[in-house]
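K.L.:
These protein sequences, in sequence, are chains A and B. The opening position of the first sequence corresponds to residue 91 in this note's numbering, with each subsequent residue numbered one higher. The opening position of the second sequence corresponds to residue 61 in this note's numbering, with each subsequent residue numbered one higher.
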Amino acid sequence: MRLGSQGIEVFQRRYKPFLIAVLIGFLFLVLRTWHLQIIRGEEFSRLSKHNRIRIREIPASRGMILDRRGRIVVDNRPSFDVFLVQEDIGDMEKTAEFLHRLLKITPKELGKRLEANKDRPPFKPVRIQSDIGRLHLALLETHKLDLPGLIVDVCPRRAYAYRDIGSHLLGHLGEIDSDELRQSQFREYQMGDLIGKYGVEQQWEPFLKGLDGGRQVEVDAMGRELKVLQGVEPQPGNNVFLTIDLDLQMTCENLLRGKEGAIVAMNPQNGKILAMVSHPSFSPSLFADGINHEDWETLVQNPFHPLQNREEGVISPQEILSCTGSYRFGNRTYRCWRKGGHGKVNLHRAIVESCDVYFYQVGQRLGIDTLAKYAKGFGLGKATKISLSDEKPGLIPCSEWKKKVYDEVWYEGETLSCAIGQGYILVTPLQLLNVSSAIANGGILYLPQLVERIERANGKVVKSYQPIPRGKIPLSQENLLIIREALYGVVNEDRGTGRVARIKGVTVSGKTGTAQVIRLKEEVKEEETPYEHRDHAWFVAYAPMDNPVISVVVLVEHGGHGASASAPIARRIIHKYLNILKEEGNLKPIIARGREVDSLNSRSPIR
Amino acid sequence: MIDRRLLTHFDWPVLILILIISCIGVLNLYSATFGEVESHLYAKQILWIGIGLAFALFITVFDYRFYRDFAYIFYGISLVLLIAVLIYSMINPEASRWIKIGPFFIQPAEPAKITIILSFAKYFDRFSKRDGYLLRELIIPFIILLVPSLMVAKQPDLGTAIGFLLIGFSILLFVKIKWKSLVIMIIGGTSIIPFVWHFLMPYQKRRILTFFNPDLDPLGAGYHIIQSKIAIGSGGFLGIKGTQCKLHFLPAQHTDFVFSVLAEEWGLLGGFILLGLYLFLILWGLNISIRSKDRFGAIVAFGVVSMIFWHMIINIGMALGIMPVVGIPLPFMSYGGSAIISMMAGVGLLLNISMRRYIF
Chain A
91 MRLGSQGIEV FQRRYKPFLI AVLIGFLFLV LRTWHLQIIR GEEFSRLSKH NRIRIREIPA
151 SRGMILDRRG RIVVDNRPSF DVFLVQEDIG DMEKTAEFLH RLLKITPKEL GKRLEANKDR
211 PPFKPVRIQS DIGRLHLALL ETHKLDLPGL IVDVCPRRAY AYRDIGSHLL GHLGEIDSDE
271 LRQSQFREYQ MGDLIGKYGV EQQWEPFLKG LDGGRQVEVD AMGRELKVLQ GVEPQPGNNV
331 FLTIDLDLQM TCENLLRGKE GAIVAMNPQN GKILAMVSHP SFSPSLFADG INHEDWETLV
391 QNPFHPLQNR EEGVISPQEI LSCTGSYRFG NRTYRCWRKG GHGKVNLHRA IVESCDVYFY
451 QVGQRLGIDT LAKYAKGFGL GKATKISLSD EKPGLIPCSE WKKKVYDEVW YEGETLSCAI
511 GQGYILVTPL QLLNVSSAIA NGGILYLPQL VERIERANGK VVKSYQPIPR GKIPLSQENL
571 LIIREALYGV VNEDRGTGRV ARIKGVTVSG KTGTAQVIRL KEEVKEEETP YEHRDHAWFV
631 AYAPMDNPVI SVVVLVEHGG HGASASAPIA RRIIHKYLNI LKEEGNLKPI IARGREVDSL
691 NSRSPIR
Chain B
61 MIDRRLLTHF DWPVLILILI ISCIGVLNLY SATFGEVESH LYAKQILWIG IGLAFALFIT
121 VFDYRFYRDF AYIFYGISLV LLIAVLIYSM INPEASRWIK IGPFFIQPAE PAKITIILSF
181 AKYFDRFSKR DGYLLRELII PFIILLVPSL MVAKQPDLGT AIGFLLIGFS ILLFVKIKWK
241 SLVIMIIGGT SIIPFVWHFL MPYQKRRILT FFNPDLDPLG AGYHIIQSKI AIGSGGFLGI
301 KGTQCKLHFL PAQHTDFVFS VLAEEWGLLG GFILLGLYLF LILWGLNISI RSKDRFGAIV
361 AFGVVSMIFW HMIINIGMAL GIMPVVGIPL PFMSYGGSAI ISMMAGVGLL LNISMRRYIF
């Protein structure tokens with residue numbers, strides 16, 4: 091053996107200190123047990139009789155949502171909620187009957203509520219109904235003594251200050267469902283909690299949600315609070331300041347009222363969204379649709395296609411092509427929107443007057459894959475990555491795509507449709523706005539952003555969002571200039587298709603677009619076409635030309651021509667925003683080239 | 061292998077003490093869960109105790125020095141299991157402390173305690189030193205102790221990690237370390253605390269603060285403590301037919317708060333009897349330790365005793381509101397297969413060492 095008894099004796103000598111340590115440990119437990127059971131026994135016995143300690147949760151108030159100038163858009167208001175504490179209910183049947191009579195809660199519903207909360211300890215209140223009226227509140231309070239276990243508590247409830255304003259954008263709250271509860275990001279949530287289900291409420295949920303508090307209270311046999319033992323104060327959620335301008339948003343809502351379509355306005359210099367409307371306004375069936383209004387049928391004539399041609403060197407801006415009102419390719423005739431044709435057109439005139447035939451020809455010269463390459467360079471065919479859920483990427487077709495999806499070769503005729511933005515192409519208003527903003531600001535594609543900053547309840551800034559450039563459009567400055575002159579011409583030349591959008595003294599630039607819903611017969615007049623077959627009207631615009639402060643996209647579904655339906659709306663939005671800036675005293679940058687802006691204030695031009 | 065002399069030296073008092081405590085545990089569990097969804101748990105607990113006792117007796121069959129050869133291998137296996145827990149918890153976020161093998165949920169932190177004890181004993185047996193160890197001779201034991209402790213703390217099971225450290229530290233005191241080393245260890249240990257604290261996330265800090273002061277969380281841990289104190293306090297001298305535990309006022313009454321149930325129903329008398337049984341067991345175990353025939357046996361026996369002691373002190377102390385709220389089981393009382401079987405394995409070692417002390 092390696093160790094004899096000698097080695098063990100060492101341990102034997104250490105027996106005593108360990109013995110003492112053990113005894114001290116036990117002494118503590120014994121004394122403490124004595125203290126609790128004998129000295130404080132009566133006190134605990136009293137508390138135990140009716141299980142008198144309860145936890146009352148104090149929900150945190152959710153952060154507010156404000157506009158870019160700090161005006162409250164979404165707030166909280168107090169709501170009286172009815173809770174039931176199963177442990178304190180004396181006569182369940184009587185209580186159920188009372189609830190049925192007073193609050194119209196059927197015993198079945200009540201059972202369902204309780205069943206859903208069966209994992210909660212019986213001393214924790216279960217919410218039975220939210221936001222009861224004053225009359226019900228009064229009745230409940232009078233019957234309080236007969237109804238132990240029913241409590242009414244004041245809870246913060248979401249209040250949307252402007253009923254329909256920005257409903258797509260702001261989103262709404264809903265009770266957390268069991269799928270969400272299982273996700274790790276919602277670990278701190280429990281059954282019955284409200285979470286953002288859509289829009290800003292959903293995307294900024296972690297910031298808006300506060301930290302719930304609560305208190306331990308001693309209650310009497312009726313469940314009434316006697317005293318508060320300990321508590322934690324709830325911490326309100328953070329306030330979210332949007333980039334949205336409330337006034338502009340309201341203007342946009344009003345302009346689109348009664349129509350179907352979408353409006354998005356953005357500051358082209360940084361990608362911050364100023365207004366965002368989608369109609370028909372909020373109805374639950376449209377949740378899935380919302381922000382990315384996608385047009386499966388058709389799209390605008392892209393203002394940028396000719397540019398690509400320039401970049402590829404297949405056509406020079408001076409080159410003149412002739413438009414006779416239609417273009418024959420293969421055995422089909424591709425029409426221009428103007429029956430008589432535009433005659434001899436160069437690039438500038440083709441854009442200003444929206445000549446289809448011109449673009450059929452350049453499209454043909456470029457080929458679909460080059461077209462697609464540039465369209466993708468403009469950020470089309472992929473999501474803009476705005477912080478809103480289920481944004482759709484749109485679609486920019488190419489020959490490879492068609493082979494993959496349809497297992498068919500690309501026909502050159504299809505290139506012609508795509509050259510004027512029709513055919514397979516799908517673009518969302520936001521993508522188009524991004525393109526026009528990039529043209530306006532000198533070529534930078536910004537991430538569209540909705541939130542300016544996030545502040546704590548005490549005003550301390552938690553997070554401030556900076557502009558995020560996501561790329562540059564593939565155009566040289568020289569070509570950009572050509573395009574911008576042409577877009578200026580669209581609004582300000584006498585033959586421009588967008589001349590309705592002209593504002594005296596302001597260099598508005600824009601581009602019209604008309605998207606076919608179905609192929610219309612040549613002879614049929616617009617007024618005679620059934621509503622649902624009428625074309626979608628698009629208009630993108632920005633102003634002023636040299637130092638743009640706003641770019642806007644307007645889509646009126648089944649509105650007919652872009653010029654007639656959408657351009658006037660865009661004009662009023664731009665006008666409104668320039669007025670807002672003027673009121674703020676921020677108009678200076680607009681007076682570029684020394685142009686007059688006084689006309690903004692005269693009432694006559696805009697109605 | 062097993063000869064008659066061994067049977068004559070079999071340590072009946074240990075076995076009987078364990079049986080009594082286990083029986084009280086089953087009765088208590090039956091009472092705590094009567095009429096509840098978990099009412100079948102007492103039957104499962106009997107099964108665990110049966111398996112555990114069989115395992116303990118099986119352990120006594122081989123000379124305990126046989127386990128010395130495998131100490132590091134056992135230790136390696138328990139580390140692998142702890143790594144498996146961490147990986148498993150990434151796949152299944154609901155699991156943080158256990159892995160599922162077949163129908164069984166295994167908590168590898170429980171058997172890890174035994175493997176740490178065996179590894180410590182093996183190390184200090186091989187490098188035996190009468191006059192105390194120097195700090196640099198303790199590097200390997202520190203690694204043996206800290207690796208599983210950190211892994212368990214990561215789960216996060218701070219209570220069990222501290223349990224590991226207490227057991228390890230007790231063994232260090234038992235094998236004797238130099239005063240100077242002890243002082244340096246204490247100073248070193250305390251001085252890195254602010255450093256580590258600096259790197260913790262706010263929620264981790266909050267969790268640790270709550271751990272030491274449940275009142276910071278009056279809706280969670282603090283609430284459990286006050287309910288536990290009400291349960292124990294209302295028990296009085298002879299106990300009452302309690303309502304506190306029955307009605308779910310007390311969470312985890314079949315695992316962490318078993319003492320509260322006992323003290324409520326059996327009062328001061330019941331509580332003292334249980335404490336007495338534990339005291340008897342621990343002192344008897346200490347005796348086994350110092351009388352064992354070799355150094356390895358002495359350290360293993362002491363390790364097992366310190367494991368039982370610390371679990372008991374922390375668990376009951378928690379129920380009485382004088383210790384942090386942690387998920388540490390009360391030996392032989394709390395429900396749980398992994399804990400019962402690991403504790404029984406410790407008892408097996410104790411019996412083994414005790415019955416072989418006269419046989420060379």
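We put the CB at the ideal spot given by N, CA and C, even for glycine. The structure presented is a predicted model; accordingly, all values stated were derived computationally and were not measured.
(1) Can you list, in chain order, the residues of its chain with a C-beta nearer than 6 Å to that of L336 (chain A)? Leave out the 5 residues immediately preceding and following it.
(2) Should Y496 (chain A) go down as buried or exposed, given a rule of 16 or more other Cβ atoms within 10 Å for buried?
(3) Would you say F332 (chain B) reaches chain A, if we count a Cβ-Cβ gap shorter than 8 Å as a contact?
(4) Considering I334 (chain A), what are the terminal residues of the alpha helix (DSSP H) in which it resides?
(5) Out of B:S349, B:F118, B:F94, B:Y90, which one is the CA nearest neighbour of Q105 (chain B)?
(6) What residues from the stretch 275-296 of chain B come within 9 Å of chain A, judged by C-beta to C-beta, listed N to C?
(7) Using 8 Å as the limit for Cβ to Cβ distance, is G321 (chain A) near chain B?
(8) Using CA coordinates, which residue listed in A:L240, A:G180, A:V112 is at the minimum distance from D171 (chain A)?
(9) Measuring straight from C-alpha to C-alpha, what distance separates Q408 (chain A) and Q454 (chain A)?
(10) Residues in the same chain with beta-carbon distance under 7 Å from E498 (chain A), minus the five sequence neighbours each way, listed in chain order, please.
(11) At what residues does the beta strand (DSSP E) containing I544 (chain A) begin and finish?
(12) For I546 (chain A) and chain B, any beta-carbon pair shorter than 8 Å?
(13) Among B:F184, B:F319, B:L101, B:P208, which one has its Cα closest to the Cα of S138 (chain B)?
(14) For chain A, find out if any of its Cβ atoms is closer than 8 Å to the Cβ of S349 (chain B); answer yes or no.
(15) Which value, in whole angstroms, describes the spacing of the CA atoms of I119 (chain B) and I401 (chain B)?
(16) What does G603 (chain A) pair with, by DSSP beta-bridge criteria?
(17) Determine the chain B residues that contact E133 (chain A) at a beta-carbon separation under 8 Å, and present them in chain order.
(18) Could you compute how far the alpha carbon of K236 (chain B) sits from the alpha carbon of L195 (chain B)?
(19) Ignore the nearest five residues each way along the sequence and tell me which others in D185 (chain B)'s own chain have a CB closer than 6 Å to its CB.
(20) Please list, in chain order, all residues of the same chain as R92 (chain A) whose beta carbon is under 7 Å from its beta carbon, the five residues on each side excluded.
(21) Keeping to the same chain, check which residues put their C-beta closer than 6 Å to that of I410 (chain A); ignore five residues upstream and five downstream.
(22) Rounded to whole angstroms, what's the CA-CA distance from I129 (chain A) to T220 (chain B)? Just pull it up for me.
(23) List the endpoints of the continuous alpha helix (DSSP H) containing S268 (chain A).
(24) Hey, out of A:S169, A:Q176, A:F468, A:G261, whose CA is closest to L570 (chain A)'s CA?
(25) Should Y424 (chain A) be flagged as near chain B, meaning a C-beta pair shorter than 8 Å?
(26) Using the C-alpha atoms, what's the distance from Y288 (chain A) back to N531 (chain A)?
(27) Quick check on N152 (chain B): does DSSP put it in helix, strand or coil?
(28) Is the distance from the Cβ of V580 (chain A) to the Cβ of K601 (chain A) below 8 Å?
(29) Leaving out the 5 sequence neighbours to the left and right, which residues in its chain are closer than 6 Å to W294 (chain A) when beta-carbon positions are compared?
(30) Given this structure, state the Cα-to-Cα distance separating L456 (chain A) from L645 (chain A), to the nearest angstrom.
(31) State the DSSP-derived secondary structure class of Y536 (chain A), mapped to helix, strand or coil.
(32) Tell me where the beta strand (DSSP E) around Y424 (chain A) begins and ends.
(33) In this structure, how does DSSP classify L240 (chain A) when only helix, strand and coil are distinguished?
(34) Within the same chain, show all residues whose beta-carbon is closer than 6 Å to that of Q273 (chain A), passing over the 5 residues directly before and after it, in chain order.
(35) Could you give the C-beta distance for A633 (chain A) and T597 (chain A), rounded to a whole number, given that I count them as a contact under 8 Å?
(36) Quick check on Y421 (chain B): does DSSP put it in helix, strand or coil?
P.N.:
Reading off the structure:
(1) Numbered from 1 along the first sequence, position 246 holds the residue referred to as residue 336 (chain A). Around L336 (chain A), the same chain offers D157, R161 as residues with beta carbons nearer than 6 Å, after the five sequence neighbours per side are excluded.
(2) In the first sequence, residue 496 (chain A) corresponds to position 406, counting from 1. The C-beta of Y496 (chain A) has fewer than 16 other C-beta atoms within 10 Å across all chains shown, which makes the residue exposed.
(3) Position 272 of the second sequence, counted from the start, is the residue given in the question as residue 332 (chain B). True, the Cβ-Cβ gap to chain A drops below 8 Å.
(4) What you label residue 334 (chain A) is simply residue 244 of the first sequence in a count that begins at 1. For I334 (chain A), no alpha helix (DSSP H) run applies, since DSSP gives it neither H nor E.
(5) Here residue 105 (chain B) refers to the residue found at position 45 when the second sequence is read from its first residue. Comparing C-alpha distances from Q105 (chain B) to each of B:S349, B:F118, B:F94, B:Y90 shows the shortest one belongs to B:Y90.
(6) Result list: D275, L276, D277, P278, L279, G282, Y283, I286, Q287, K289, I290, A291, I292, G293, S294, G295, G296.
(7) For the purposes of this step, residue 321 (chain A) is taken as residue 231 along the first sequence, with counting starting at 1. Interface residue, yes.
(8) For the purposes of this step, residue 171 (chain A) is identified with residue 81 of the first sequence, where counting begins at 1. Measuring from the Cα of D171 (chain A), the nearest candidate turns out to be A:L240.
(9) Walking along the first sequence from the start, residue 408 (chain A) turns up at place 318. Walking along the first sequence from the start, residue 454 (chain A) turns up at place 364. Going from the Cα of Q408 (chain A) to the Cα of Q454 (chain A) covers about 18 Å.
(10) For this step, residue 498 (chain A) is matched to residue 408 along the first sequence. So the list reads K492, once near-sequence residues are dropped.
(11) Residue 544 (chain A) sits at position 454 when you count from the first residue of the first sequence. For I544 (chain A), the enclosing beta strand (DSSP E) has its first and last residue at 541-545.
(12) By 1-based counting over the first sequence, the position of residue 546 (chain A) is 456. Before going on, a small fix: residue 546 (chain A) reads as Arg here, not Ile. Residue contact with chain B for R546 (chain A): absent (no Cβ-Cβ distance below 8 Å to any residue of chain B).
(13) By 1-based counting over the second sequence, the position of residue 138 (chain B) is 78. Checking every option, the nearest Cα to that of S138 (chain B) belongs to B:P208.
(14) Here residue 349 (chain B) is taken as the residue at index 289 of the second sequence, counted from 1. Among the CB atoms of chain A, one or more fall inside 8 Å of the CB of S349 (chain B).
(15) Here residue 119 (chain B) corresponds to residue number 59 of the second sequence, with the count starting at 1. Here residue 401 (chain B) corresponds to residue number 341 of the second sequence, with the count starting at 1. Cα-Cα distance, rounded: 12 Å.
(16) Here the question's residue 603 (chain A) lines up with position 513 in the first sequence. A:W628.
(17) Sequence index remark: in the first sequence, residue 133 (chain A) carries index 43 (1-based). Chain-ordered, the chain B residues with CB closer than 8 Å to the CB of E133 (chain A) read G293.
(18) Indexing the second sequence from 1 puts residue 236 (chain B) at position 176. Indexing the second sequence from 1 puts residue 195 (chain B) at position 135. Looking at the backbone, the Cα of K236 (chain B) and that of L195 (chain B) are separated by about 12 Å.
(19) As a first step, residue 185 (chain B) must be located in the second sequence, where it is residue number 125. Here D185 (chain B) has R355, F356 as same chain residues with Cβ atoms under 6 Å from its own Cβ, once five neighbours each way along the sequence are excluded.
(20) In the first sequence, the residue the question calls residue 92 (chain A) occupies position 2. A caution first: R92 (chain A) carries a pLDDT of 45, below 50, which makes its placement in the model unreliable, though a value can still be read off. Residues of the same chain with their beta carbon placed closer than 7 Å to that of R92 (chain A) are lacking, with the five preceding and five following residues left out of the count.
(21) For the purposes of this step, residue 410 (chain A) is identified with residue 320 of the first sequence, where counting begins at 1. Taken in chain order, the residues that qualify are K434, N436.
(22) The residue labelled residue 129 (chain A) in the question sits at position 39 within the first sequence. The residue labelled residue 220 (chain B) in the question sits at position 160 within the second sequence. Spanning the two alpha carbons is a distance of roughly 32 Å.
(23) Counted from its first residue, the first sequence places residue 268 (chain A) at position 178. Per DSSP, S268 (chain A) belongs to the alpha helix (DSSP H) from 268-272.
(24) The count along the first sequence starts at 1 and reaches residue 570 (chain A) at position 480. Distances from the alpha-carbon of L570 (chain A) to those of A:S169, A:Q176, A:F468, A:G261 put A:F468 closest.
(25) Residue mapping note: residue 424 (chain A) aligns to position 334 of the first sequence, counting from 1. Not closer than 8 Å to any Cβ of chain B, the Cβ of Y424 (chain A) fails to qualify, so no.
(26) Taking the first sequence and counting its residues from 1, one reaches residue 531 (chain A) at position 441. Taking the first sequence and counting its residues from 1, one reaches residue 288 (chain A) at position 198. So the two alpha carbons sit approximately 31 Å from each other.
(27) Looking up residue 152 (chain B) in the second sequence gives position 92. Of the three classes helix, strand and coil, the one that applies to N152 (chain B) here is coil, per DSSP.
(28) The residue given as residue 580 (chain A) occupies position 490 in the first sequence. The residue given as residue 601 (chain A) occupies position 511 in the first sequence. In contact: V580 (chain A) and K601 (chain A) (Cβ atoms closer than 8 Å).
(29) The count along the first sequence starts at 1 and reaches residue 294 (chain A) at position 204. V330.
(30) By 1-based counting over the first sequence, the position of residue 456 (chain A) is 366. By 1-based counting over the first sequence, the position of residue 645 (chain A) is 555. Cα-Cα distance, rounded: 28 Å.
(31) For the purposes of this step, residue 536 (chain A) is taken as the residue at position 446 of the first sequence. Y536 (chain A): strand per DSSP, three-state reduction.
(32) Counted from its first residue, the first sequence places residue 424 (chain A) at position 334. Taken as a continuous stretch (DSSP letters only), the beta strand (DSSP E) holding Y424 (chain A) covers 422-425.
(33) Within the first sequence, the letter at position 150 stands for residue 240 (chain A). Strand, per DSSP.
(34) As a position in the first sequence, residue 273 (chain A) is number 183, starting the count at 1. Same-chain partners within the cutoff: there are none.
(35) As a working mapping, residue 633 (chain A) is identified with position 543 in the first sequence. As a working mapping, residue 597 (chain A) is identified with position 507 in the first sequence. By a beta-carbon distance limit of 8 Å, A633 (chain A) contacts T597 (chain A). Their separation comes to about 6 Å.
(36) For residue 421 (chain B) there is no data in the structure shown, the boundaries of chain B being 61 and 420.
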